Structures are given as C-alpha cells and as structure tokens.
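Notes follow the structure.
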Amino acid sequence: MKKLLIACGVQLLAGGFVWAQNPVNNPGSNHGNKFEQLGTTMPTPNEYRTASGAPGPKYWQQRTDYDIRATLDEPNLTLRGSETVTYYNNSPDVLSFLWLQLDENEHSSTKNAGYQANSAMPRNASVGQLENIERQRGENGLGVNILKLTDAAGNTLHYTINKTMMRVELPVPLKPGQKFVFNCDWNYKIPDRLTLGGRGGYEYFPEDGNHLFTITQWYPRLCVYSDFQGWQNHQFTGRGEFAVGFGNFKVAMTVPADHIVGATGLCQNLQQVLTPAQFARWNKAQTSSEPVEIVTLAEAKAAEKGKSTKTETWIFKADNVRDFAWGSSRKFVWDAMAADVEGKKVLCMSLYGKEAYSLYRKYSSKAVAHTIKTYSKFTIPYPYPVAQSVEAANGMEYPMICFNYGRTEKDGSYSENTKNGMLGVVIHEVGHNFFPMIINSDERQWTWMDEGLNTFVEYLTEELWDNKFPSRRGPAFTITDYMKLPKDQLEPIMTNSENIHPAGFGPNAYSKPATGLNMLRETIMGRELFDYAFKEYARRWAFKHPTPADFFRTMEDASAEDLDWFWRGWFYSTDVTDISLDSVKYAKADAVMNSARMRDTTVMVPLPKPQLNAFEDVSKIRNREDKHIRFATDADTSLRDFYWRYDRGLEPVDTARYASAVPASQEPLDDATKAKYAGKHFYELSFSNKGGLVMPIIVEWTYEDGTKEVERIPAQVWRHNENKVTKFFMKDKRVTGIKLDPMRETADIDESNNSWGNPDAQPSRFQLFKAKQGAARGQSTGVNPMQKSAEKKGF
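In our numbering, the protein residues as written are 17 to 811.
Quick look at the structure:
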C-alpha cells in the first residue's frame with residue numbers, strides 16, 4: 017500500500033534516484049517499441065546498487081535500537097510510554113536532523129494527514145456517522161502527545177511536528193560512523209478500531225465487558241534514510257503502510273495482571289507472568305508437533321469474568337527486526353507448537369478469543385507452520401524464533417506477529433467462505449514476515465513490492481495447503497474483470513498507493529502483481545528458472561532495502577531471460593492481454609478451409625461445487641502431477657473438515673443442471689484435393705493484439721481422434737509487429753478445434769475471440785444474498801452447509 021508514482025510518461029527525481037520516461041523508438045511504428053530495453057526508465061546503477069540487481073560494494077543502511085517501557089491503562093483506554101532510542105549513522109552523509117513517524121496522529125482531527133477527498137450528502141446516515149462527523153470538527157483528543165524529548169545527557173531537544181511526522185533537530189551534526197542517543201516520553205488515547213478504523217486500537221466486547229487491544233504503529237519510530245531517496249518522510253494517510261529500518265528491541269509492557277500478551281520477539285519473563293501450569297504447558301509446546309493450549313479456553317473464559325485491578329509487566333526482546341507490535345487481552349486462548357523449518361525450530365503460536373475457538377484451535381498454528389515452511393522454500397529460511405497469529409477481526413502484519421480474522425457462529429459452526437478467508441488471511445499476514453519484514457521494501461512508495469510479492473507466495477502456499485483451495489489471486493483468469501475496466505479507471509502497478517482509486521487498490525497492488533509473477537513462473541520463464549531467480553532476489557536483499565529496479569534486474573540476471581518487455585507492459589502500463597484468433601486457413605491438396613464462424617448454442621451444465629475455483633488453473637494441475645509435492649491436508653488429515661469432504665462429493669451437493677449459453681460450431685469444410693505432402697494438414701493462424709500487452713501465444717489443437725496438443729509461442733513473436741502475427745503450422749492429423757490460452761494463463765480479457773471449432777462451455781451463476789449486519793471482519797455469517805448438515809445428523 018505504498019509507492020512513489022512511477023508511471024509511463026512520468027519522471028521523478030528523489031535523492032538522485034531517477035525514474036525517467038518510458039522510451040519508445042517511434043510511437044507510430046508497428047514494431048520495436050514494446051521490446052526495447054527499459055534503459056533510463058530504471059535508475060542508473062552505482063556503487064550502492066549494481067546493474068545486476070545486487071547490493072553494491074558500498075551499500076549501506078541505517079540502524080535504530082529501542083528500549084521502550086509502556087503502560088496500558090485499560091479503564092481509561094490510554095497508553096503511555098518512555099523510550100530510549102539509539103540511532104547509528106552508517107551513511108556517508110552528515111545529518112543535521114532526524115525524522116520520526118507518529119502514525120497515531122492518523123486518528124487526530126487536527127494533526128492527521130488524511131487529505132480531503134470528495135464527499136456527498138448521503139441519502140441516509142446513522143446517528144453514529146453524524147457523531148463521528150461532529151467529532152472531526154474539533155479536537156477529538158486522539159493522536160500522540162510528546163511529553164518530553166531529551167538527549168542522553170538530559171538536555172531538551174527541539175522538535176517540529178508536521179501531521180504524522182516529527183523532525184528532531186540535532187544539537188551537533190551527526191557524522192558518518194557516529195551514533196546519537198535520545199529519550200522520548202509520550203502518551204495517547206487508544207482509538208476504537210472498529211469505529212474509527214486504522215491498524216491498531218481496541219475492540220470492545222459488550223457481552224462480557226472486555227477489550228482486545230492491538231497495539232501497532234504505536235511508538236515514535238525512525239523513518240528510513242536511504243541511498244536512493246534520503247529521508248522517507250511521506251505522510252501516513254492510512255493507506256500506504258510504512259518504511260522503517262532494522263534494529264534491536266527491548267520492550268516492557270505493563271498490563272492488567274489477567275491479560276495475556278503476544279508480541280514481536282521472545283518473552284524474557286514468562287515464568288513470572290504465567291501460572292506454573294501454564295508455564296509447564298509452554299515448555300511442552302517447545303517440542304510438540306501438535307498445538308498445545310498454554311492458556312486454555314476454560315482459563316480464558318474465567319479471566320473474562322474476573323477483571324483484575326493488579327498489573328504485570330511482560331518483557332520482550334527482538335533482534336534485527338524492522339518494527340515491534342503486540343496484542344493484549346484477558347480473552348486470549350493461547351496455543352503453540354514447534355515446527356522444523358529447514359533444520360531450525362520455530363515456535364508457531366496463536367492467540368484468540370472464544371468467538372474464534374472452533375476455527376483457530378484447529379487451523380491457526382498449523383497454518384502458521386505451513387506458511388513459514390513454504391515461504392522458506394521459495395525465499396530464504398525463516399530466521400526468527402517465533403511466528404504467531406492473533407485473531408482480532410483484522411488483517412495486518414508486523415515482525416513475528418500478525419492480526420487476522422475468522423470467527424464462528426455461537427454453536428461453533430462456520431461457513432466455507434469464513435474458513436477459507438481465515439486460512440487465506442493467516443497465510444497472507446504471516447507471509448508478510450518475508451515481504452517486507454525481512455526483504456524490506458518501501459511500502460509507502462511501492463505497495464506491490466510487499467503486497468504483490470507476498471500475495472504471489474501466498475498463492476503458492478494456498479495451493480500447497482490443499483489442491484482444491486479456491487485461491488482468488490494468482491491464476492491469470494481471475495484478474496481479467498479488473499483488466500477489462502475502462503482505461504480511466506486503471507493505473508499502472510508502478511503507481512503511488514495514495515493515488516490509486518480505492519476501488520482498484522486491491523487489484524492493482526495485490527492481484528495484478530501476483531498474477532504477473534505467476535504468469536512468469538508458469539507460462540513465460542518456467543518454474544525452474546523463475547524459482548531460482550526469485551530465491552536469488554530474496555537472498556540478495558534479505559535484511560536490506562530493495563527497489564523495483566533491484567527486483568527486475570535480479571530476475572533477469574539470475575535467469576538469462578530478457579524480461580524488459582514484460583516489466584514495461586505489465587508493471588508500467590495499463591495495456592491488457594487480448595489476443596484474437598482472427599482467422600484460420602486450412603489446406604490439404606487443393607482444399608481451403610475459410611475462417612471459422614462461431615454461433616451460440618445452449619447446453620445443460622451442473623452447478624460448480626461450493627468454493628472451488630470455476631476453472632482449475634495450470635498451477636493446480638502441475639502441482640498434482642509433481643510427485644515431490646504433498647499437500648498439507650494429505651500429510652495431516654486432521655486438517656480435513658466438513659468442507660474438505662463437501663468439495664470432494666463426500667457430502668451431499670446440488671446436482672441440478674442449468675441452461676448455459678456456449679459459443680460453438682463451425683462452418684462445413686470445403687472439399688479437399690491433393691496436398692503437396694500426402695497425409696499432412698496445413699494451417700495458417702492469424703492473430704491480432706487487441707489489448708496492447710504482448711504475451712506468449714498458447715495454442716491448443718484438438719484433433720479428430722480426440723487427442724490434444726499444446727504449442728507455446730514465446731512473446732517475442734510480436735517483436736517485428738506488435739499488432740498482428742501470422743503463423744504457419746504443419747500437422748500429421750486433422751484439427752477439429754483450436755483454442756488460445758486453454759489454461760487461462762495470460763489474463764486474456766476477452767475469450768470470445770480465442771476459439772475456432774467447438775470451445776468448452778463457460779457456465780456461470782449469479783447469487784444474491786443479504787449480508788448479516790454488525791458482524792466483525794471475518795465473522796461467519798448466514799446459514800452454512802456445516803450447520804445444516806449437523807442439524808440433520810443430530811450432532
């Protein structure tokens with residue numbers, strides 16, 4: 017959710033880092049433009065970042081260490097803290113000031129950076145909405161209050177707050193190789209996260225009178241100072257997330273004595289804050305391959321009723337992390353298990369309230385383990401000792417901890433959508449440990465570098481969880497509705513997150529980059545070349561600050577594939593894939609088959625099974641054929657539930673058939689005469705590029721004996737004419753059908769011009785439902801098959 021605007025025709029200059037216009041040889045030419053090298057579109061290589069995409073011999077980055085003491089005042093819903101910050105200047109520059117982020121000012125009515133947007137008078141509004149508008153008219157009391165700012169000797173430091181940024185003026189310029197230590201005392205009123213939104217805050221549960229706190233982006237923390245842009249002090253508006261550097265943390269949190277705390281890093285005093293029984297369970301979890309309840313459901317329910325007036329202090333340490341976050345509540349059930357990640361033990365943990373127990377107890381910690389194992393395979397081995405998932409009706413990530421959603425009905429049942437949504441968000445947010453928590457891109461400038469890359473590996477991870485998992489982002493055919501939008505509703509991927517239209521933010525920053533990477537892997541480069549290059553990128557830039565050019569260059573450097581045409585089309589433009597099969601010519605002896613004409617017909621088709629992708633993509637098929645792959649739901653059958661059986665026909669499903677329009681049928685062939693080569697069949701196929709985006713042409717031939725053959729023509733076929741291509745083929749058998757992109761790998765937005773002969777049916781359904789009101793994010797809603805099945809079976 018972040019980025020500097022880098023679109024075609026735009027030139028930006030930041031700290032000497034130049035992103036120039038997208039050059040073309042001759043805009044009126046029909047060739048040679050889309051395959052030109054990116055050239056000056058990418059920054060000039062230097063001693064910090066090389067032309068290969070690797071860090072240069074003089075690469076440097078800053079470091080910041082924090083020692084924080086914080087107190088959570090639950091009755092007054094406030095947080096106060098005191099921190100000692102040590103900043104190391106590893107740059108070659110002399111610094112006269114430092115910039116810090118005050119993200120909590122996002123909620124302030126007077127100090128926020130939520131720049132004004134268009135608005136209109138609603139046709140109806142709730143009293144709460146009007147009260148919120150009223151609060152924004154004056155001082156609402158939210159945002160960070162800086163109480164004291166001094167150097168290590170106690171001398172007052174001068175500072176200036178500009179919305180969500182604070183400039184600290186140094187008493188003496190900080191030279192290269194020096195460090196600066198300062199102290200800061202602060203407090204703020206914790207916002208109601210479900211009412212005001214935002215990354216952190218509290219959720220109140222009126223049924224039991226308790227709070228669940230997610231304390232995120234909460235302490236004044238240093239901005240990144242880098243070789244390619246200097247200070248990254250772009251304001252926080254709530255969308256573009258954050259850019260922070262690495263450092264070591266020691267954090268002491270004083271909370272109500274009956275609270276359980278989960279946080280970045282390892283707790284240093286667990287024996288003091290847990291009961292003896294809980295501490296014994298924690299020790300058992302260190303070697304358990306199944307989740308162990310450290311804090312049980314019964315203990316959590318008892319704590320909900322107690323509400324201690326005493327306090328306990330939890331102390332955590334975390335080394336070489338870019339941020340620190342924590343959650344605190346007396347509602348938490350806490351379970352943990354040990355996972356072997358490439359020879360190293362990692363404790364996989366989950367914290368959740370009773371509202372999510374039936375889902376999280378069964379799946380969360382195992383999904384955490386599956387995620388870090390899979391990501392480690394495709395990137396680098398997970399380097400931290402802990403990974404944890406906290407249910408908070410949310411979806412946000414920080415080092416070693418993330419906040420997710422997934423609550424059940426009161427009877428413990430849940431819909432398939434809730435289950436898959438919960439699994440998807442856990443995988444996604446835990447995966448963010450790699451992008452950008454370790455491979456530390458600038459989220460505020462280039463959203464796709466963390467969200468897009470992470471969504472791509474999330475897709476790989478979901479596919480390896482269950483071969484029938486209904487992944488929404490990754491398969492090329494799932495992006496086509498977005499790509500079909502009018503040009504004035506599209507932006508290039510290389511667009512700053514603040515400038516993307518809200519309706520297109522998810523597709524632009526998450527889906528389209530993930531889809532593009534999957535097309536590179538499955539269709540353009542192949543798995544072996546792609547996986548090696550992608551892993552090399554992760555290895556080169558782990559615990560460093562990569563830019564888009566570093567990624568683009570590394571992928572080419574490690575694969576020997578010239579991909580500038582792909583970066584140009586998929587990332588820098590709004591061109592789309594629409595390759596049309598315009599004509600088919602056939603010859604055998606003197607016979608000529610004219611271009612096929614299509615006409616509609618109607619067939620009866622069954623409804624698709626619940627929650628399965630309507631089309632089985634190429635990744636699922638190849639994963640199933642790979643004898644080295646074993647899906648998580650096969651390796652651990654405890655992960656199978658009602659919906660695992662339902663999707664496989666082991667529970668009753670709707671078998672009714674419905675009418676569906678299907679484009680089909682061809683004109684009768686002309687009579688044939690002798691061919692120059694007896695028994696050979698000749699075809700000439702003409703293609704046009706209607707979408708503007710060059711892509712490989714994938715042709716599926718269907719022969720009269722029922723067999724099929726797929727031919728893959730590289731994207732470079734468009735090199736000499738980017739608008740039209742003609743290809744001549746000789747076949748040993750008669751062709752009865754031709755289909756472009758049969759596995760829907762290229763995100764072609766118009767499949768009606770992809771076929772000749774008898775194309776497959778394309779059934780579809782429209783469903784209308786009424787949303788359940790007042791549910792938290794990820795809450796199971798409405799009637800679900802599991803619930804109805806249980807009613808019928810009486811269990």
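We put the CB at the ideal spot given by N, CA and C, even for glycine. Since the structure is predicted, the reported quantities are computational estimates derived from the model, not experimental observations.
Residues that DSSP places opposite L111 in a beta bridge: Residue pairing for L111: DSSP places it in a beta bridge opposite L190.
Looking at the structure shown, is G520 part of a helix, part of a strand, or coil, going by DSSP? In the three-state reduction of the DSSP assignment, G520 falls in the helix class, which pools H, G and I.
Mapping the DSSP letters down to three states, classify G225 as helix, strand or coil. G225 falls in the coil class under three-state DSSP.
When DSSP labels each residue in this structure, what does F658 get in the three-state scheme? In the three-state reduction of the DSSP assignment, F658 falls in the helix class.
Taking the alpha carbon of M802 as the reference point, which residue from D663, G263 and R728 has its own alpha carbon closest? Nearest C-alpha to M802: D663.
With the cut-off set at 8 Å, would you say P730 and T762 are in Cβ contact? In this structure, T762 does not lie closer than 8 Å to P730 by Cβ.
Within the same chain, show all residues whose beta-carbon is closer than 7 Å to that of P401, passing over the 5 residues directly before and after it, in chain order. Within the same chain, and ignoring the five residues on either side of P401 in sequence, the residues whose Cβ sits closer than 7 Å to its Cβ are L282, V362 and L363.
Is it true that the region 728 to 742 meets the region 50 to 70, where meeting means three or more beta-carbon pairs spaced less than 8 Å apart? Touching, yes.
Is the beta carbon of Y379 sitting closer than 8 Å to the one on L655? Between Y379 and L655, the C-beta gap is smaller than 8 Å, which places the two residues in contact.
By the three-class DSSP mapping on this structure, what secondary structure does N769 have? N769 falls in the helix class under three-state DSSP.
Mapping the DSSP letters down to three states, classify E514 as helix, strand or coil. Residue state for E514 is assigned as helix, using DSSP reduced to three classes.
Quick check on A334: does DSSP put it in helix, strand or coil? DSSP places A334 in strand when its eight states are reduced to three.
Quick one, which of G322, G359, V406 and T325 has its alpha-carbon nearest D351's? Considering only G322, G359, V406 and T325, the residue with the shortest C-alpha distance to D351 is V406.
By alpha-carbon positions, which one of P71, D652, R673 and N106 ends up nearest to W557? Looking at the Cα atoms, P71 is the closest of the given residues.
My understanding is that P236 touches L118, with C-beta atoms under 8 Å, so please give their C-beta distance in whole angstroms. Yes, they are in contact, since the Cβ atoms of P236 and L118 sit about 6 Å apart, within 8 Å.
Please report the residue range of the alpha helix (DSSP H) in which F567 lies. For F567, the enclosing alpha helix (DSSP H) stretches over residues P564 to D573.
S242 in three-state terms, based on DSSP: Three-state result, S242: strand.
Straight-line gap, N524 to F703 (C-alpha atoms, nearest Å): One C-alpha to the other measures close to 28 Å.
When you compare only the Cα positions, how much space is there between H448 and I765? Whole-angstrom Cα-Cα distance: 30 Å.
Helix, strand or coil: which one does DSSP assign to H644? H644 falls in the coil class under three-state DSSP.
Please report the residue range of the beta strand (DSSP E) in which F472 lies. Premise fails: F472 lies in the alpha helix (DSSP H), L469 to W481, not in any beta strand (DSSP E).
For K205 and H275, I'd like the C-alpha separation in whole angstroms. Rounded to the nearest angstrom, the two C-alpha atoms are 19 Å apart.
Is DSSP giving Q78 helix, strand or coil here? Reduced to three states, the DSSP call for Q78 is coil.
Cβ-based neighbour list, I388, same chain, cut-off 8 Å, excluding 5 preceding and 5 following: Contacts found: A355, V357, V362, C364, Y398, A403, V446 and N449.
Through-space distance from I177 to I162, alpha-carbon basis: I162 and I177: Cα-Cα distance of roughly 10 Å.
Just to confirm my understanding: we take M353, look at its own chain, exclude 5 residues before and 5 after, and list those with CB closer than 7 Å. What are they? Around M353: A301, S304, S305, E306, P307, V308, C364, S381 and A385.
Y368 - DSSP class collapsed to helix/strand/coil: Residue state, collapsed to three classes: strand.
Measuring straight from C-alpha to C-alpha, what distance separates P222 and Q245? Going by C-alpha positions, P222 is about 47 Å away from Q245.
So, with DSSP's three-state summary, where would you put R85? Strand.
Flag this pair as touching only if the region 260 to 270 and the region 314 to 326 have three or more C-beta atom pairs under 8 Å; answer yes or no. Counting Cβ pairs under 8 Å, fewer than three are found: no touch.
Excluding the 5 residues preceding and the 5 following H444 in the sequence, name in chain order all residues of the same chain whose CB lies nearer than 6 Å to its CB. Correct list, in chain order: E474.
Distance check for K164 and M412, CA to CA, integer angstroms please. Roughly 30 Å separates the two Cα atoms.
Any idea if L666 is buried or exposed, counting beta-carbon neighbours within 10 angstroms, 16 or more meaning buried? Burial state of L666 is exposed, judged by a 10 Å Cβ sphere holding fewer than 16 other Cβ atoms.
When you compare each of K360, R750, A648 and R255 to F485 by their alpha carbons, which one comes out closest? Selected option, being the one with the closest Cα: A648.
Which word fits D687, buried or exposed, when buried means at least 16 other C-beta atoms lie within 10 angstroms of its C-beta? Reliability fails at D687, whose pLDDT of 42 lies under 50, so the model's placement of it is uncertain and the value that follows must be treated cautiously. Classification for D687: exposed.
If I follow the unbroken beta strand (DSSP E) through E99, where does it start and stop? T94 to Y104 is the span of the beta strand (DSSP E), which, as asked, contains E99.
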